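S.K.: In full-length UniProt numbering, the protein residues as written are 1 to 160.
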Amino acid sequence: SEFHVTLIHRASASQHPQLWQQLSDLHTSLTRKANSDPSRKNSAAANDDASAPPPSPDPDLGTVKVLLERLIWDERLMCIVVRLLSSRAADGSAADFASVNEVPHVTVGTANATVKPKESNDLLNKWLAHGSGADTGLRELPVRGHVELEGRVKGVLQRR
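Written out as structure tokens, the structure is:
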């Protein structure tokens, strides 16, 4: 599994129907385009390469610059608070990819399999409300330097 910043999860689609529809439509459009691209089909056929991968069912929707800001953790979870900066759609045009989570983040890991990564949202809401320190059980460290990564925006519509 790759590290990721969730923009929207199926469970929150009903609270953000316009964003869900916008991203779903973009995903559908790019998937159709990738599947109808004759150059992709012809290159595999021309090489007689049965092992050539088929077009991706999860095409890149675009790119976004991700600034790593703070590492937040407790005894169960660890995550990195991020800021989503400039983004581009797959066609190169400007885009506004944003997360519906109150605090955009990457879940780094969990203490064990009983801790679900989505609990990072609860941890970060607690951090926003109460901060870090011995009384909260939360710890934090700033990410030193200006660590900016380029991420791929992908729609993952089902668990594999």
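Just so you know, even glycine gets a beta-carbon here, dropped at the ideal spot from N, CA and C.
Just so it is clear, the structure is predicted and the values come from calculations on it, not from any experiment.
Please report the distance separating the alpha-carbon of residue 76 from that of residue 115.
M.R.: 7 Å
S.K.: With a threshold of 16 other CB atoms inside 10 Å of the CB of residue 3, please say whether the residue is buried or exposed.
M.R.: Here residue 3 is exposed, its C-beta having fewer than 16 other C-beta atoms within 10 Å.
S.K.: Excluding sequence positions up to five away, which residues of its chain have a Cβ less than 7 Å from the Cβ of residue 154?
M.R.: Closer than 7 Å at the Cβ level, and outside the excluded window around residue 154, lie 58, 60 and 61.
S.K.: Secondary structure at residue 32, three-state DSSP: helix, strand or coil?
M.R.: helix
S.K.: Measure the alpha-carbon distance for residue 149 versus residue 97 and round it to whole angstroms.
M.R.: The C-alpha of residue 149 lies about 15 Å from the C-alpha of residue 97.
S.K.: Mind checking who residue 80 pairs with in its DSSP beta bridge?
M.R.: Bridge partners of residue 80: 71 and 106.
S.K.: In angstroms, rounded to a whole number, what distance separates the CA positions of residue 145 and residue 65?
M.R.: 15 Å
S.K.: Spell out a yes or no on whether the segment 94-112 and the segment 5-18 are touching, meaning 3 or more CB-CB pairs, one atom from each, closer than 8 Å.
M.R.: yes
S.K.: What does a CB cutoff of less than 7 Å around residue 112 pick up in its chain, not counting 5 residues either side in sequence?
M.R.: none
S.K.: State yes or no: is the C-beta of residue 83 within less than 8 Å of the C-beta of residue 104?
M.R.: yes
S.K.: Are residue 138 and residue 72 closer than 8 Å when you measure CB to CB?
M.R.: yes
S.K.: Among residues of its own chain, excluding the 5 on either side of residue 16, which ones have a beta-carbon nearer than 7 Å to its beta-carbon?
M.R.: 8 and 100
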